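For the sequence shown, numbering that gives the first Met the number 0 begins at 0 and goes up steadily by one.
Cβ coordinates follow ideal geometry from the N, Cα and C atoms, glycine included.
From a predicted model like this one, the values you see are computed outputs, not experimental measurements.
Read through the structure below, which is laid out as structure tokens, and then see the notes.
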Amino acid sequence: MQAYRYEKSDGIIQKRTIPIPEPGANEVLIAVKAAGLCHSDLHILHGGLENLKPYGVHPPLTLGHEVAGIISKLGPGVTSFKPGDRVSVAQVGYPKEEAAWETSVGLGVDGGLAEYVIARVRQVVHVPANVPLHLAAVATDAVSTAYHAVVAEAEAGPGRNIAIIGLGGLGLNGIVAASLKGANVYGFDIDTNKFEAARKCGAIACHQSLTDVDDDFFDSIIDFAGVGKTTASAIERIRVGGAVVLVGLGVNEATLPTSLLTMKSVHLRGCMGASLQEYREVLRHIEAGEIDPVTEEIGFDGVADGLAKLAAGKISGRLWTNPSAKRRA
């Protein structure tokens, strides 16, 4: 089968031919019908997660941690699924459970930027019949991570003023989630071309800088860019006692105004992933038409170009590909 591999930390993804894997006990083999592309994939390719203890991502590895498809084969002991079931692979438990990280597709084990992927049953979820597989795939990270960051960490709710920094795939989904909870949501990005999509998702207004809004206005600021200066600016502009939630992996290290962090009693929180319950909630919102992620399909042969566009900031929403589509060509 064809698969896209992380082989060394040079920023280049390699397309290789590798054997179709066999499912072991409590595992299933999934024919991948949708796999999302993520900024985390870029971070991995440049070695940014290799030395992250205890959750390092090491080559060689097939990338792709947003995965959905059709069960092709069952491993021993699997009784809750059958061949032909429409499923997705939830990113369950990490980072709180090290074992969950180690078995997460595209992170600890081979992922879904391939024609087939192996997944452990505890991470496999039935996809409702009226939820498209590509939406179920991107929901495992791009939607669920944003949902958790906004709902659980930023505590979005009626009357709360929420800022979303970075209007890519996660940021747009964060705007939708905050709007669903009744918050007043504002979008921020240096690229004004992303403002229209943000407004359609529920942003009251969009700006290029937090300084465009009154100081102490925001109850919570979620930084989906994570380039250092964005987090520092969030600490400077958040109200006293507010929360700054860092999700983006734009840089490995940053200089922050620690005196303001202390004097303003700011709650600085790192955030990654979501719970299985939150992922199921997201699927229900998608099924009800309340969440409709902005996505763009690319051909399986165009994954490298898609990652390059993602790195250049030219993508609004989430890219995804169907590895099985090449077989129909």
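Going by C-alpha positions, residue 48 is about 28 Å away from residue 186. Going by C-alpha positions, residue 81 is about 16 Å away from residue 116. With a threshold of 16 other beta carbon atoms within 10 Å, residue 161 meets it and is buried. Distance from the Cα of residue 36 is smallest, within the candidate group 303, 171 and 323, for 303.
DSSP places residue 87 in the uninterrupted beta strand (DSSP E) bounded by 85-88.
Here DSSP, grouped into helix, strand and coil, assigns residue 153 to coil.
Judged by DSSP secondary structure, residue 1 falls within the beta strand (DSSP E) whose first and last residues are 1-5. Looking only at 190, 159 and 158, the smallest Cα-Cα distance to residue 170 is reached by 190. Exclusion of the five residues before and after residue 252 leaves 227 as the residues of its chain whose Cβ lies within less than 8 Å of its Cβ. Less than 8 Å divides the Cβ of residue 242 from the Cβ of residue 266.
Per the coordinates, the alpha-carbon of residue 145 lies some 19 Å from the alpha-carbon of residue 105.
Around residue 195, the same chain offers no residue with a beta carbon nearer than 8 Å, after the five sequence neighbours per side are excluded. Annotated three-state conformation of residue 71 is strand, per DSSP.
With respect to the 8 Å criterion, residue 282 and residue 130 are classified as neighbours on the basis of their beta carbons. Counting of Cβ neighbours within 10 angstroms places residue 119 among the buried residues, the total reaching 16 or more.
Within the DSSP secondary-structure output, residue 206 pairs in a beta bridge with 187. Within its own chain, the residues whose Cβ lies closer than 6 Å to the Cβ of residue 107, once the five positions on either side in sequence are excluded, are 100 and 101, listed in chain order.
Pairing residue 286 with residue 240, the inter-Cα distance amounts to about 36 Å. The Cβ atoms of residue 141 and residue 172 lie closer than 8 Å to each other.
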